[in-house]
Amino acid sequence: MAKELQAEADPRPPAAREPPLFYRRPAALSPFLHVEFALEGEGDYGFARATNSIPLNAVEFGLAARHYPIVFTPGPAGFPVAIVGTRRDRNLFVDAAGRWQESVYVPAWVRRYPFIFLEEPGNKDFILGIDEAAPMLKQGGENRLFRSGKPMPVLERAVALCSEFQGQLALTRAFCKALEDEGLLADKEAGIAMKDGSGFRLTGFRVIDDKKFDKLDSKTFQRFRRRGWLAPIYLHLASVANWAILVDLAAKQGT
Amino acid sequence: MARKGRGDSTEAAKEAATDNSADKTTTGEAAPAPGEAGTPIGSLPLFYKKPHVVTVDRHGKAGLKETTSFAFARDTNSVPLGADEILVAQAHFPIVFAETDPPIPVAVLGLGDARNVFVNADGSWRAGAYIPAYIRRYPFILASAGKPGEMMLAIDEDAPNFVADGGRRLFEGTVPTPLARQAAQFCQAFQNQFDLGRAFGEALRAANVLLPRRADVRRADGKTISLQRFRVIDEARFDALPDELFLRWRRAGWLGLAYSHLLSMRRWQSFVAPAA
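Chains as they are written, first to last, in the numbering used here: chain A, 192 to 446; chain B, 2 to 277.
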């Protein structure tokens, strides 16, 4: 039963589990249940327009740091997110037509939608799922998910994307756990005054406390080095410069 | 023999090949980065054709026309980066080290016979792409004034937006205008970061982690475009750095720069395809 499945890809702790961001009705894909389903309107990111933060895997920090402030969600199991807006319900990088701003990195979390890996109790393999409520999912149409009961290439690509994502998710969780264990994450808020006298304040997120990071003992630092965690830390710290990009965008869009 | 990139439009930064004379390959060289600090006027840095120390006698009426054109930067395929730019620039350009002494970090802006691909036909800078401080400060620059360690604001009198009389002036009477003062501050800040970048390059060289490379990128039409005569950090050597040296680099602030440089090796692809 689809209802017993949990979206393992959700970085939040089990207690906080509700469907993951963007997914309203994730269900295991089945050639019987979804025989008529087709995908339409690829490249339409309208589904991602009503949020101001998107989960990021550590491997994405390099490209994400080009435009987004990268922060961590509140504890005890924080996860990295890209801040994409100054207001709670508005992604400044997606326009009214659903287009992501040109030459801006689109996080993997967004690119894999509407697909997702699901976990079945007692089964260690993941199952490919789909958000049955996804706006790009149609009954009947050209780009079918199955033909004659066989999965189409679109599903092979989805499996590849979700597998890659799942692997990176595990690495990112280990990274975040180390940050938690070393007490490196500190509550932060961003308050920015706009030129026109308005302003915004974002709260409820954490960043690496650079003073604590500077004091991290050498042995732990070397362990972080071996695990490949130093690069994402430096990129995260540098990404604070990107608040200015959000302020500019918010001013331009009058939000 | 020029080596080809691995597979279709995959980038491959490879060890230096001595011969680059294959027909289908066009090759550029990372522009020799100009000696900066203490460079006397006379050995002209990139872009600057007629730099002159700014004085009220000479520039009392001089000014700048408003411009958004970066056409002056069209013909270069690389510019030096300040240390504080490297973390941002890694998301936009490959960052390599010029074969200078010491090796200094430069942003790669073009490959093969393409010069600076970030300058559009109308002279504007590619939307959303980072503009290096080296380019933003133009037509201003710091020049050594004769006395050791003393630097003065200079301006390229051959700059397209320079006017001998008019524009946004450099002086109000005999007093430097905010434009001139901000230019001096900006140039000084860049100079400090440039010096830090050079110290970073020196540290890398001293630790023997820089190796000569060339980049070959296969375009959709099958042509290979290349860049040679530059150095990059060899990842295996970097990973093998002794703990003690690594911790010294941590304190010196070099690690974030080193990781950014290594990450920037993923940006060669941007010369054949838009950024992911």
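All C-beta atoms, glycine included, are put in the ideal place defined by N, C-alpha and C. Only a predicted model underlies this, so the values are computations on that prediction, with no experimental measurement involved.
| Query | Result |
| --- | --- |
| A:M343 CB to nearest heavy atom of the ligand NAP below 7 Å | The ligand NAP is absent from the structure shown, which contains no ligands of any kind. |
| Closer than 8 Å to chain A by CB, B:V109 | no |
| Close-in-space but distant-in-sequence residues of the same chain around A:F306 (CB under 6 Å, 5 per side omitted) | I321, A349, C353 |
| Beta-ladder partner(s) of B:V97, from DSSP | B:V107 |
| Nonlocal neighbours in the same chain, by C-beta distance under 7 Å from B:C188, ignoring five residues either side | R138, F141, I142, L143, L154 |
| Min CB distance A:L362 to chain B below 8 Å | no |
| Reduced DSSP secondary structure (H/G/I, E/B, other) of B:I87 | helix |
| is_contact[A:A422, chain B] using C-beta, thresh 8 Å | yes |
| Inter-stretch contact at 8 Å, needing at least 3 Cβ pairs: the stretch 255-263 of chain B / the stretch 80-99 of chain B | yes |
| Ordered list of beta strand (DSSP E) runs contained in the stretch 214-262 of chain A, each at least 3 residues | 217-219, 228-230, 244-246 |
| Strand pairing of A:A384, partner residues [DSSP] | A:G390 |
| Endpoints, alpha helix (DSSP H) assigned at B:T225 | From DSSP, B:T225 is part of no alpha helix (DSSP H) but of the beta strand (DSSP E) over 225-234. |
| Reduced DSSP category for A:L428 - H, G, I as helix; E, B as strand; rest coil | helix |
| Neighbour list for B:G257 in chain A, Cβ cutoff strictly below 9 Å | L421, A422, I424, Y425, L426, L428, A429 |
| A:S354 at chain B interface by Cβ criterion, 8 Å | no |
| Members of the stretch 230-257 of chain B near chain A, C-beta cut-off 7 Å | D244, F247, L248, R251, L256, G257 |
| Of the listed residues B:E158, B:K148, B:L112, B:T101, nearest to B:K50 (C-alpha basis) | B:E158 |
| Reduced DSSP secondary structure (H/G/I, E/B, other) of B:T40 | The pLDDT assigned to B:T40 is 31, lower than 50, so where the model puts this residue is not dependable, and the model offers no usable value. |
| A:Q292 in three-state terms, based on DSSP | coil |
| C-beta neighbour in chain A for B:A128, strict 8 Å | yes |
| When A:T411, A:S339, A:G445 are compared against A:G390, the one with the closest alpha-carbon | A:G445 |
| Cβ shell of A:W191 (< 7 Å), same chain only, five flanking positions each side left out | Outside the shown range of chain A, which is 192 to 446, sits residue 191 of chain A, and nothing can be said about it. |
| CA nearest to the CA of A:L428, picked from A:T411, A:D405, A:P342, A:R417 | A:D405 |
| Chain-ordered residues of the stretch 83-106 of chain B with a beta carbon less than 8 Å from chain A | L88, V89, Q91, A92, H93 |
| Which listed residue (A:V345, A:M327, A:E371, A:H225) has its alpha carbon closest to that of A:Y236 | A:M327 |
| Contact list for the stretch 252-271 of chain A against chain B, Cβ threshold 9 Å | F252, G253, L254, A255, A256, R257, H258 |
| Distance CB(B:L256)-CB(B:A208) smaller than 8 Å | no |
| Residue-chain proximity (B:Y260, chain A), Cβ-Cβ < 8 Å | yes |
| Counted within 10 angstroms of its Cβ, other Cβ atoms place B:Q183 as buried (16 or more) or exposed | exposed |
| The stretch 161-173 of chain B: positions lying closer than 8 Å to chain A by Cβ | none |
| Reference A:A299; option with closest CA among A:E311, A:G253, A:R281 | A:G253 |
| Endpoints, the beta strand (DSSP E) within which B:L143 is located | 141-145 |
| Inter-residue CB distance, B:L171 and B:A160 (contact presumed, cutoff 8 Å) | Incorrect: roughly 12 Å between the Cβ atoms, too far for contact. |
| Contact with chain B by A:A432, beta-carbon distance below 8 Å | yes |
| Option in A:L440, A:N282, A:T363, A:E233 with minimal Cα separation from A:E333 | A:E233 |
| Anticipated Cβ contact below 8 Å, B:L211 with B:R232, distance rounded | 4 Å |
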